[in-house]
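First comes the structure, then the notes that go with it.
Chains as they are written, first to last, in the working numbering: chain A, 1314 to 1659; chain B, 1314 to 1659.
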């Protein structure tokens, strides 16, 4: 098995997801700035994994600060955190992790600076451990929705690679398999970054889970042929009303699922909830470089002079979401109430 | 400007569409078997262009036959035609062109064999000329549906490259532009073969028509942002009830258009109609090699050992089709009546 991210001694080590599946290489990071670059460049991606990386990055940042007192430490550290928070705009877990780390610092301002740094490092490691635990909880709740024999569509990679381990959407699938259920996965390749073809196919194959690759424009065909029984995806941010921001293309999967009366499930930890937002319209959508659309494997696929667009996420409205699987339980519509109730369990 | 296909002396010359947009190369074919290989290998593709290529291939086949009398000629030629007819199963224009060529032979059985060969060659050239004329007719009818300022989504390539020239769906766009209308095109890249990124973007750019490339999973996002006003696609076969077989992914575009109350138009010559089929369920769907999904530019994108699926077409049910634009006029629902009426104008 692989580790998506780990924090040993003074080093944050990440599996380089831009190189998978052809190369399995790790990169070591020693500074918060490098971790920000890794998030921006998608060496690590997936909302929960971004949260874990951000917490570890905050710890690296703390270690680098020379300060005599808390206020001096905190003001320098906050500047670093603000910059890290801008690495990617859509996944709320980035801000969530930075906020959590800052709260731990505030709560421990009486410690000496070396003690505080140690406390922050331990908090980052705890966030990593808790993320895996949350995925396993999600898996246990979610697998009850998936019957044996199901053929499950997923989009992007909401797997072990998108978290500290086990996965959100793929955690539900892993838990179902662990419960002895016979599951087949259809993986949308997920252009332009090909997370499905490169990452989901790879990690399910490593786990000997039956996975078949399709292009993003095929799921309607397979639904019309009754070859898909359910769809499970992750989320980058969920608004208070249950609108879901997730990888571009998720909305189309949800619309197709609704047309074919196939359940559409979202699996995400409570940390992905953003109850400060009333609806998905308020979620910022990252627009990435059009070069990532116009090139594949470094080779141009479209003519010079033709522009491309690259919104990296879309919003799936809550009425298309059958249930939201969290680490605190499963939320059903109306989400404004059910999500608030689950969040209060923290 | 380029020529998709032409027939000069004893040579059928095709623009190699597998190499576009990076290379603009032509390939010369001298035998019917080579033309069959070009169709199968997608050097030429698009239902109307396949029809033209098949007619020219049939002429090359006729030229190669040594025979003293019509019956001997025809029986050898029919065997060749049957084999050519199997090159690709979904586009009905392949069978349509072979049938038309055979009828011309039967109608001219009194000619000497050299005269007959000459008559068949001229018929193939006529089919090519008529295909361009049909596209222009379609364009004139279809452009009335597109108002100036429209942002039009298209899928795959139903352009000059998919026909002898001018195009079906892109013919409608060209005609609108020629009428002085301000049109912006969104081109779905159209995985796995990338006809949109490689061919549609290329030929519209060559014509200075405003085109922007998106991945196939983005059109829902842009529709939800009110950035798309209409969708226009081609067809590989249209059943008597108006169900449309077209490039994989078309069905999802149609579902998204219906959800967002955006008109969804299909442009195709009458030769793409198959009134022998009551519904789209009877249209054979070609399943191509999964290698075409698992590799891009010859490089593997998914791990070894993971299988992929590759249905090359899907069926859009007639209730999602706002209108079918043909060279004989525009058909509206109910299509069982309107298509029959247009077909009777031949």
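C-beta atoms are modelled at their ideal positions from N, C-alpha and C, and glycine is treated no differently. Just so you know, these numbers come straight off a predicted model, no measurement behind them.
Would you be able to state if there are at least three C-beta pairs under 8 Å between the segment 1360-1378 of chain B and the segment 1418-1435 of chain B? yes
Do we get a CB-CB distance below 7 Å when we pair residue 1472 (chain A) with the residues of chain B? no
Taking only beta-carbon positions, decide if residue 1568 (chain A) is within less than 7 Å of chain B. yes
Run of the beta strand (DSSP E) containing residue 1550 (chain B), from where it starts to where it stops: 1550-1552
How long is the line joining the alpha carbons of residue 1603 (chain B) and residue 1583 (chain A), rounded to whole angstroms? 38 Å
Nearest by alpha-carbon distance to residue 1475 (chain B): which of B:1397, B:1597, B:1547 is it? B:1547
Thinking just about the alpha-carbon of each residue, which of A:1436, A:1415, A:1338 is nearest to the one in residue 1320 (chain A)? A:1436
DSSP has residue 1319 (chain A) in a bridge; who is on the other side? A:1326
Run through chain B and tell me which residues come within less than 8 Å of residue 1621 (chain A), C-beta to C-beta. 1525, 1526, 1527
Taking Cβ positions, are residue 1400 (chain B) and residue 1352 (chain B) nearer each other than 7 Å? yes
Please check if any C-beta of chain A sits within less than 7 Å of the C-beta of residue 1562 (chain B). yes
Taking only beta-carbon positions, decide if residue 1611 (chain A) is within less than 7 Å of chain B. no
List the residues of chain B whose Cβ lies closer than 7 Å to the Cβ of residue 1530 (chain A), in chain order. 1504, 1529, 1561, 1562, 1565
Those runs of the beta strand (DSSP E) which lie wholly inside the segment 1495-1523 of chain A and span at least 3 residues: 1497-1501
Measuring alpha carbon to alpha carbon, tell me which of B:1574, B:1460, B:1422 ends up nearest residue 1494 (chain B). B:1460
Taking Cβ positions, are residue 1272 (chain B) and residue 1329 (chain B) nearer each other than 7 Å? One cannot answer for residue 1272 (chain B) here, as it falls past the ends of chain B, which runs 1314 to 1659.
Please list the residues of the segment 1544-1557 of chain A that have a C-beta atom closer than 7 Å to any C-beta atom in chain B, keeping them in chain order. none
Compute the beta-carbon to beta-carbon distance between residue 1529 (chain A) and residue 1551 (chain A), rounded to the nearest angstrom, for a pair I have assumed lies under 8 Å. In fact, because the Cβ distance is near 22 Å, the residues do not count as touching under 8 Å.
What are the complete alpha helix (DSSP H) segments, minimum 4 residues, inside the segment 1518-1591 of chain A? 1532-1537, 1563-1572
Residue range of the beta strand (DSSP E) that residue 1636 (chain A) falls in? 1636-1639
Please classify residue 1506 (chain A) as buried or exposed, where buried requires at least 16 neighbouring CB atoms within 10 angstroms. buried
Opposing strand residues paired with residue 1629 (chain B) [DSSP bridges]: B:1557
Would you call the CB atoms of residue 1567 (chain A) and residue 1596 (chain A) closer than 7 Å? no
Segments assigned alpha helix (DSSP H), at least 4 residues, entirely inside the segment 1338-1406 of chain A: 1345-1353, 1360-1377, 1383-1397
Check for me: the beta strand (DSSP E) holding residue 1596 (chain A) runs from which residue to which? No beta strand (DSSP E) holds residue 1596 (chain A); DSSP gives it neither H nor E.
Using a 10 Å radius around the Cβ and a threshold of 16 neighbouring Cβ atoms, would you call residue 1632 (chain B) buried or exposed? exposed
Pairs of beta-carbons, one from the segment 1509-1528 of chain A and one from the segment 1432-1449 of chain A, closer than 8 Å: are there three or more? no
Hey, residue 1498 (chain A) and residue 1524 (chain A): beta-carbon distance below 7 Å or not? yes
Residue span of the beta strand (DSSP E) that contains residue 1642 (chain A), given as start and end: 1642-1644
Residue nearest to residue 1569 (chain A) in terms of C-alpha spacing, selected from A:1539, A:1342, A:1366: A:1539
Taking just the CA atoms, how far does residue 1607 (chain A) sit from residue 1396 (chain A)? 29 Å
Is residue 1402 (chain A) close to chain B? Criterion is C-beta to C-beta, closer than 7 Å. no
Residue 1325 (chain A) burial status per 10 Å Cβ neighbour count (16 or more: buried): buried
Extent of the continuous beta strand (DSSP E) run through residue 1464 (chain B): 1464-1467
Say whether chain A places a C-beta atom closer than 7 Å to the C-beta of residue 1616 (chain B). yes
For residue 1337 (chain B), collect the residues of the same chain with a Cβ closer than 8 Å to its Cβ; drop the 5 residues on either side in sequence, then sort them by chain order. 1315, 1328
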